[in-house]
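Working notes, beginning with the structure itself.
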Amino acid sequence: MVTVSLPEILDIRAASPLATELLQARGNPLMIDASSVAKVGAQCIQVLLSAHATWTADGLPLNVVHPSEPLLDALETLGIPFTDISEQESTK
Amino acid sequence: MDPMAAIKQTFFQECEEQLVELESGLLRMEDGDDDLETVNAVFRAVHSIKGGAGAFGFDELVEFVHVFETTLDLIRSAKLAATPAVTKTLLRASDVLADLVRAAREDGSADAGAVKVIADELSALLGGAPRHGDDDGKVSVEALDFQPVCISLDSIFDIGEPEAPATQDFIVRFKPSAGLYAKANESLRLLRELGSLGEMSVECDISEIPQLTELDPEGAYLCWTIRLTTTASEAEVREVFEFVEWDCELSVETADVGKLLEALQESLEPHEAPEAPVAVAEPKQTSVAIDPAPASFAAPSDEHPAAAKAESAKGEGSGSVQATIRVDLDRVDRLINLVGELVINQAMLSQRVSEAGLSRASSVVIGLDELEQLTRDIQDSVMAIRAQPVKPVFQRMSRTVREVASMTGKAVRLVMDGETTEVDKTVIERLTDPLTHMIRNAVDHGIEKAEDRIAAGKPEEGSLRLSATHRSGRIVIEVADDGAGINRARVRQIAVSKGLIPAEANLTDDEIDNLIFLPGFSTASSVSNISGRGVGMDVVKRAIQALGGRISISSVPGRGSTFSMSLPLTLAVLDGMVVTVGGQTLVIPLTAIIETLQPKKESVHELGTGSRVIATRNTFTPLIDVGAVLLYRDEPIEPTSQVALLVESESGAKCALLVDAIQGQRQVVIKSLETNYGHVHGIAAATILGDGRVALILDVDAIVARPRADMIVAEMPAAAE
């Protein structure tokens, strides 16, 4: 199990580093700690969506834990269910 | 045009197509086609009309269609057998349906009596089958099992009302591009802003998100469908996306229109390969459907688009969908005119080049030849756009036959052949009236009453054959009946009594038959209300001639008569032989010319009265000096100094036309003389030549028929005395 903590700011500049960091964890069950996210943009959400799809395809679990309020709010506004980025429901 | 009227017009256009579909399906059923797919096609056509009619609130139409549809449903589910009697009723029901559709389009009303008669007949067919609706047999729109989406159309299109702001539903589709994010814009912020306008539900399409290894973290893979309920206007909704409109795909539409369009789409769209689209009667409202693969409609039949269409008509539902677009007829006509001008211009250019004395091998001349080929191809393709199958006109005739047959109490079967043959739209439009008249005549006068037919040893049911074929660049349409044929003794007697021919005139059978085309000739001793109306075959003949066509008749006593019409495929261009006569340039249609010859002194013989014949291949052919006929010269000319063109008229009569010289062979653009000047005997039309001069196009038939006409006219006074 690999754990990755998401940074506070997940804007367009954070998308590439995030994708690189998650790719390095590929092949292992992944836990993403989203407790400190304060600001998020659609492109980082895309990275999270893609990661979830990749892990699912690999047959490995990927869970986003402790999602912050701003992240949940962004997902809701964008019309994206939490389970699209995480195997398990939100565990606030 | 306001949007409501536009949608209505589309509905009626679709209706026309469905009606053709319906009728052709029913005719196939009448011919014994019991394929379930045929019944289904018929059912779908009726069902589609019902859907649209319901959406527009044409209650009368919906009521009738509902009974019709229920009957068809019984046949579809094999609860009712499609016996000949049943299909006959269904065919008549389709006629009534066409009337009702027309009435709805013209805001008029159909013959309520006729509607009721057929509706009752259909109800009788339904028998004990359960029906929706109240007890008196009327079906209320609300009671229908098919419930078109109930939307008040009026409220949708009355957007301009300054009423208190009502909420509207918008469907916003938004697909940002990577550029949107790169410019520091953010979908999230845009959606939040949109949400501030009212109530919003968002659906995100994440299907384009790739695996992490293929993901461009700064790319754009998401798109959104947002349903927004708001008091804001469409402009205000769009304003949210004001700064990103170049970096995204955006559509904003009122949900009601979306819903309406979906409903209409569902109700109008045929669920199978659409057949050849149909021409509607009013030219202003019509559009032609363009086949995306244009083909010259003069092409031989095996590679003809009509052949393909016939295929798809047979294998309905299985064929691939042929994409068509509707185009305003005016636009097509403008294009055709322009191409006509292009042809003239290209001819002028060629002439200039040849005047400049350039060698045939020079690159300019070669380039021009290629241009000519290209121009011809363009012209063929453009003409193919206007080409339409004669099917709609033919199908209208089947109704005429049914009506006249039931009025006269005769049993008549119409057999159609070659209805996919294509011809210019104008020709089709102007064909309906003369054809209707001929069909009425054939049923009323041609085919005998049942008892006479039985006495003559013929089947009780008369047969009428309507056929169309392409023959050497023209379309030939034949109306053949198996009736009694022309009563020549009677025709002759009438012609004599009306002073049309002298009593002692010695006429061949053919000439007697053709007397019926003379103005003022009418064989019916009492004017019947069917083919009478004071219109004779002369009107038909004139209508056909106005189209540049010819009509002839052949008749065998006891076996029936055949009317044969030959029409040009198009009224726009013609291949012609350019000749000089008396210093004037004339064009003779190439289709009429058999051969050209140089008259020798020994082969020309005088016939006393000033007329001459020429001996060719062991036959004598009348020799006509075109210059004298057209009054270009008074003095007879020596034939040996001339060129003779052996021509054949539509009736098969041969003749040799004397001209001064042949200039060449050319495709010419026909400019109507009637429209721009007036009718001139012996002249069919005019054209503009390469040097910009006007040349007249010879009416070969009129010239060939001249000696005979002279005889009749010359002898007339004697008969009148």
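Top to bottom, those sequences are chains F and C. Number 42 in this note's numbering belongs to position 9 of the first sequence; there are no gaps in the numbering. Number 877 in this note's numbering belongs to position 427 of the second sequence; there are no gaps in the numbering. By construction, the Cβ of each residue, glycine as well, lies at the ideal position given by its N, Cα and C atoms. Remember, predicted model here, so these are calculated numbers, not experimental data.
Chain-ordered neighbours of residue i on chain C, where CB pairs are closer than 9 Å
i: residue 36 (chain F); result: Neighbours of residue 36 (chain F) on chain C: none; closest Cβ ~17 Å, over 9 Å.
Inter-residue Cα distance where the pair is residue i and residue j
i: residue 920 (chain C); j: residue 1022 (chain C); result: 17 Å
i: residue 798 (chain C); j: residue 1042 (chain C); result: 26 Å
i: residue 465 (chain C); j: residue 507 (chain C); result: 15 Å
i: residue 875 (chain C); j: residue 1002 (chain C); result: 23 Å
i: residue 74 (chain F); j: residue 658 (chain C); result: 18 Å
i: residue 108 (chain F); j: residue 40 (chain F); result: 17 Å
i: residue 663 (chain C); j: residue 51 (chain F); result: 12 Å
i: residue 1048 (chain C); j: residue 1073 (chain C); result: 12 Å
i: residue 1094 (chain C); j: residue 1040 (chain C); result: 14 Å
i: residue 61 (chain F); j: residue 628 (chain C); result: 30 Å
i: residue 45 (chain F); j: residue 667 (chain C); result: 8 Å
i: residue 457 (chain C); j: residue 547 (chain C); result: 20 Å
i: residue 594 (chain C); j: residue 516 (chain C); result: Unreliable positioning characterises residue 594 (chain C) in this predicted model, as indicated by a pLDDT of 43, which lies under 50. A coordinate reading is not provided.
i: residue 110 (chain F); j: residue 502 (chain C); result: 39 Å
i: residue 100 (chain F); j: residue 493 (chain C); result: 57 Å
i: residue 1151 (chain C); j: residue 1050 (chain C); result: 25 Å
i: residue 618 (chain C); j: residue 98 (chain F); result: 39 Å
i: residue 1155 (chain C); j: residue 1097 (chain C); result: 12 Å
i: residue 497 (chain C); j: residue 862 (chain C); result: 30 Å
i: residue 971 (chain C); j: residue 947 (chain C); result: 10 Å
i: residue 551 (chain C); j: residue 559 (chain C); result: 9 Å
i: residue 623 (chain C); j: residue 65 (chain F); result: 32 Å
i: residue 942 (chain C); j: residue 851 (chain C); result: 28 Å
i: residue 677 (chain C); j: residue 651 (chain C); result: 5 Å
i: residue 479 (chain C); j: residue 1109 (chain C); result: 57 Å
i: residue 731 (chain C); j: residue 960 (chain C); result: Residue placement at residue 731 (chain C) is flagged as unreliable, the pLDDT there being 38, under the threshold of 50; a coordinate-derived value is accordingly withheld.
i: residue 989 (chain C); j: residue 1086 (chain C); result: 36 Å
Delimiting residues of the alpha helix (DSSP H) encompassing residue i
i: residue 1174 (chain C); result: Because residue 1174 (chain C) is not part of the residues shown, which for chain C are 451 to 1171, the question remains open.
i: residue 991 (chain C); result: 987 to 996
i: residue 1126 (chain C); result: 1123 to 1126
i: residue 34 (chain F); result: Note, residue 34 (chain F): premise wrong, no alpha helix (DSSP H); not H, not E.
i: residue 1084 (chain C); result: Careful: residue 1084 (chain C) lies outside any alpha helix (DSSP H) and carries neither H nor E.
i: residue 110 (chain F); result: 102 to 110
i: residue 80 (chain F); result: 75 to 91
i: residue 46 (chain F); result: 45 to 57
i: residue 555 (chain C); result: 534 to 555
Residues that residue i contacts on chain F, provided the C-beta gap is smaller than 7 Å
i: residue 668 (chain C); result: 45, 48, 49 and 76
i: residue 672 (chain C); result: 75 and 79
i: residue 659 (chain C); result: 79, 82, 83 and 86
Heavy atom of the ligand GDP within 8 Å of residue i beta-carbon
i: residue 885 (chain C); result: This structure simply doesn't include the ligand GDP, nor any ligand for that matter.
According to DSSP, residues forming a beta bridge with residue i
i: residue 674 (chain C); result: C:624 and C:654
i: residue 813 (chain C); result: In the DSSP output, where bridge partners are listed per residue, residue 813 (chain C) has none listed.
i: residue 1000 (chain C); result: C:1016
i: residue 839 (chain C); result: C:872
i: residue 1115 (chain C); result: C:1027
i: residue 700 (chain C); result: C:624
i: residue 916 (chain C); result: C:866 and C:929
i: residue 1148 (chain C); result: C:1133
i: residue 1105 (chain C); result: C:1097
i: residue 892 (chain C); result: Residue 892 (chain C) pairs with nothing; no bridge assigned.
8 Å Cβ cut-off: residues of chain C touching residue i
i: residue 52 (chain F); result: 662, 665 and 667
Partners in chain C for residue i, counting only beta-carbon separations shorter than 7 Å
i: residue 55 (chain F); result: 662
Span of the beta strand (DSSP E) around residue i
i: residue 1092 (chain C); result: Run containing residue 1092 (chain C): none; DSSP gives neither H nor E here.
i: residue 1034 (chain C); result: 1034 to 1039
i: residue 775 (chain C); result: 775 to 778
i: residue 909 (chain C); result: Where residue 909 (chain C) is concerned, there is no enclosing beta strand (DSSP E), given that its DSSP letter is neither H nor E.
Proximal residues of chain F, C-beta to C-beta of residue i below 8 Å
i: residue 656 (chain C); result: 82, 113 and 117
i: residue 653 (chain C); result: 112
Listed by chain order, chain F residues near residue i by CB distance under 9 Å
i: residue 878 (chain C); result: The premise fails here: residue 878 (chain C) is roughly 54 Å from chain F at the closest Cβ pair, so nothing lies under 9 Å.
Review point. For the region 78 to 100 of chain F, which residues have a CB atom closer than 7 Å to at least one CB atom of chain C, in sequence order?
Key: 79, 80, 82, 83, 84, 86, 87 and 90
Review point. What are the residues of the region 628 to 649 of chain C that lie near chain F, defined by any Cβ-Cβ distance shorter than 8 Å?
Key: 631, 632, 634, 636, 637, 638, 641, 642 and 645
Check your understanding: Got a sec: which bits of the region 520 to 537 of chain C sit with their beta carbon under 9 Å from any beta carbon on chain F, in order along the chain?
Key -> none
Review point. In chain order, what residues of the region 99 to 121 of chain F put their CB closer than 8 Å to some CB of chain C?
Key: 107, 110, 111, 112, 113 and 117
Review point. According to a CB-to-CB cut-off of less than 8 Å, which residues of the region 684 to 699 of chain C neighbour chain F?
Key: none
**Study point:** chain F contacts from the region 459 to 476 of chain C (Cβ-Cβ distance under 8 Å)
**Key:** none
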